[in-house]
Amino acid sequence: MKTVNRRTYEGIYFTLIELLVVIAIIAILMTILLPALVSVKSRGKQILCTNNLKQFSNAFVMYASDNNGYFVPSYDDSMYWPQHFVLERYTLSGKIYVCPDVSTTSQHKSWLKITSDNPWPDSNHGYPYKHSDYGYNYAHIGGSYTWYPESDHTPAKTTQVRRLSETIILVDDIYSDPRWGGWYATGYATGSNMDVRHLKDTAVDVLWGDGHSSCEKVGHVPDPYLIGPFQNGKILADPDNHWDRY
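If you're matching positions, the sequence shown starts at 1 in my numbering and goes up one per residue.
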């Protein structure tokens, strides 16, 4: 029988100290890289949300083109704005109504099933649209919302908006009342409907009137309406108001 020369294998074994050093180096690298990986993941979700807003931008443009320049009504006594977009095929999927930075609940899963051919697979107690993750600026743009007499009840025309590039159309939203899903209260409601959920809960995504979108940093604040560009939304006819119209 052929014997194995053990000297051939000398030097390939790790000592305990060497193994502990390797483990320590790996632990240090993980400590350094893990925050970066978490940041990249958070940024990726925010970018996917921005892509949703870009698709909404196309929907708003197409709706206005088909309706003499008017923005889609937030509510017209028969349908809310997401229903107009889905049923009239301006948005072909419910997926864009769900932000990837919001935990997937049963209500959000019902949105994922929505298509123009299957508009409301889950009636959700009469409000299948209530958990849209984006709030529409109804008070100054969408109009037709009778709960707040301060708001103009007629949808705005694109030619009526004073500064389209500075006018908020959609913003990351959180519902508080079932009927408010998909509404951006611009300061009229008690508290805030804005959902500061991006980049470790320090930023919101915004769709502006000229079609561009941006991620706005507001930090960790109890009321983001105190931070620009959101602070003047509840003051009608204010020259610094980012929501008013002619």
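For every residue, glycine included, the Cβ atom is placed at its ideal position computed from N, Cα and C.
Pairwise C-alpha distance: residue j and residue i
i, j, result
"D177", "D195", "Because D177 sits at a pLDDT of 44, beneath the cut-off of 50, its placement in the model cannot be relied upon, and the point is left open."
"I28", "V22", "10 Å"
"I26", "K45", "28 Å"
"Y138", "I96", "19 Å"
"S93", "S110", "11 Å"
"A203", "P222", "13 Å"
"S213", "M30", "34 Å"
"Q83", "L226", "32 Å"
"N51", "G219", "22 Å"
"F230", "P224", "7 Å"
"M79", "L170", "18 Å"
"K217", "D76", "33 Å"
Given residue i as reference, the closest of the options once Cα atoms are compared
i, options, result
"V161", "L170, I174, H140", "H140"
"W81", "K41, G143, Q55, L20", "G143"
"V283", "C99, V72, D77", "Residue 283 lies beyond the residue range present for the chain, which begins at 1 and ends at 246; the question has no answer from this structure."
"V61", "I32, T158, Y75", "T158"
"T167", "H153, Y136, D173", "Y136"
"A156", "I17, I47, Q55, A64", "A64"
"R89", "N58, L19, S78", "N58"
"K54", "K41, K200, T91", "T91"
Host alpha helix (DSSP H) of residue i (start-end)
i, result
"V86", "81-87"
Extent of the continuous beta strand (DSSP E) to which residue i belongs
i, result
"W120", "Careful: W120 lies outside any beta strand (DSSP E) and carries neither H nor E."
"A203", "203-208"
"S213", "213-217"
"L170", "168-172"
Three-state secondary structure assigned by DSSP to residue i
i, result
"Y136", "strand"
"T15", "coil"
"K200", "coil"
"Y70", "strand"
"S42", "helix"
"K54", "helix"
| query | Would you call the region 160-174 and the region 203-210 in contact, with 3 or more CB pairs under 8 Å? | reply | yes
| said: Under 8 Å: do the region 50-68 and the region 106-115 share three or more Cβ pairs, one atom per stretch? | reply: no
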